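Contents: one structure, followed by commentary.
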Amino acid sequence: MFSTLSDRLTSTFKNLRTKGRLSEADIDATVREIRRALLDADVAVPVVREFTASVRERALSAEVSGALNPAQQVVKIVNDELVGILGGESRSLNLAKTPPTVIMLAGLQGAGKTTLAGKLALDLKGRGHTPILVAADLQRPNAVTQLQVVGERAGVPVHAPHPGNQGAETDEVVGDPVGVARDGVATARAREHDVVIVDTAGRLGVDELLMQQAADIREAISPDEVLFVIDAMIGQDAVTTAQAFLEGVDFTGVVLSKLDGDARGGAALSVAKVTGRPILFASTGEKLTEFEAFHPDRMASRILD
Ligand code: GDP
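Heads up: the sequence shown at position 296 corresponds to 296 in full-length UniProt numbering, and the numbers run straight through without jumps.
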């Protein structure tokens, strides 16, 4: 995902290696290159501005250990700042003290919510949990069937309305997604599943009706986690989309999907900083096993490797 950014930053640092001491002009030139590399990777402009200002200030005050040479000092500063914009500490899933833990998924259509539902269920099942999936996306034709297929592949049950929306795409709200979500959670409780994962509808663009629907579902099921799933390849749109979901539904954590893509990945580097919500997981392929916990420090090292 970050190969271009990674190459650009590495070559910037290489130029510093021959220098015994860094002048203010050297630091400014380096910061300029970092700024260009981040902007070309589609990182949001305000994030880039803050990032580079902080790197410049810290590099000028050279507060890091004297044991490092100037190039290493700059790498360390950039690494720390990258970890910072990626959210700092990693955070794991917040499990309810009294089961079931209710997890709601939100995001644009095609972001990877349904796939993630299966990945999360499979992962939790592997760790001894007993998840159930709830098909509350009644909007997209075949979304219910798709979740049933994913559930079968993961070997977990799916609570689905009967019948699902098999019709064409429509601007009207289809069926009673709030009722389905509520029933799904009640079913989980009755059958003693300890985690419920609720898939919800999303549009191709931010849409008020569906945003309200997601907010209503949230209100009805009081989830322990609302995970906002975002396609890491959507570039500069990431920030406006994330902000719209933050205002419209609010979420407790972010999942970056399609991190296996070769696009520029600015979404990944902007969304935690812009929303103040941690990135919990990364989705790295279409297979249900292509999924991992997100660690800001490991991601930063990968970029700077
Ligand atoms: P939803 O509309 O948000 O439920 O999105 P889906 O789960 O249906 O995913 C949309 C498309 O993206 C599907 O073709 C998935 O197979 C694909 N997809 C989902 N996650 C990933 C991922 O991490 N990497 C890749 N390459 N494709 C993914």
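Using N, Cα and C, we set each Cβ at its ideal position, and we do this for glycine too.
If you're wondering where the values come from, they're calculated on a predicted model, not measured in any experiment.
query, result
"Note down the Cα distance separating N165 from R277, rounded to an integer number of angstroms.", "Caution applies to N165, whose pLDDT of 49 falls short of 50 and renders its modelled position unreliable; the model cannot decide the point."
"Quick one: is P70 buried, meaning 16 or more other Cβ sit within 10 Å of its Cβ, or exposed?", "buried"
"Answer yes or no: do V249 and A293 have a C-beta to C-beta separation smaller than 9 Å?", "no"
"Can you pull the DSSP bridge partners for S283?", "F291"
"For the structure I just gave you, are there three or more beta carbon pairs, one from the region 289-304 and one from the region 16-36, closer than 8 Å?", "no"
"Can you give me the C-alpha to C-alpha distance between T18 and I27, rounded to a whole angstrom?", "14 Å"
"Is there at least one non-hydrogen atom of ligand 1 closer than 8 Å to the beta-carbon of D199?", "yes"
"Kindly indicate which residue of A121, L280, D80, A111 has the alpha-carbon position closest to the one of V195.", "A121"
"How long is the line joining the alpha carbons of L269 and A244, rounded to whole angstroms?", "18 Å"
"Going by the C-beta, is E290 closer than 8 Å to any heavy atom of ligand 1?", "yes"
"Specify, as a first and last residue, the run of the beta strand (DSSP E) that A136 falls within.", "131-136"
"Shorter than 8 Å, the distance from the beta carbon of V229 to the closest heavy atom of ligand 1, or not?", "yes"
"Consult DSSP for G253 and reduce its assignment to one of helix, strand or coil.", "strand"
"Across which residues does DSSP place H159 in a beta bridge pair?", "V134"
"If you drop the 5 nearest sequence neighbours on each side, which residues of the same chain put their C-beta closer than 8 Å to that of R302?", "F2, S6"
"Distance check for R56 and Q73, CA to CA, integer angstroms please.", "12 Å"
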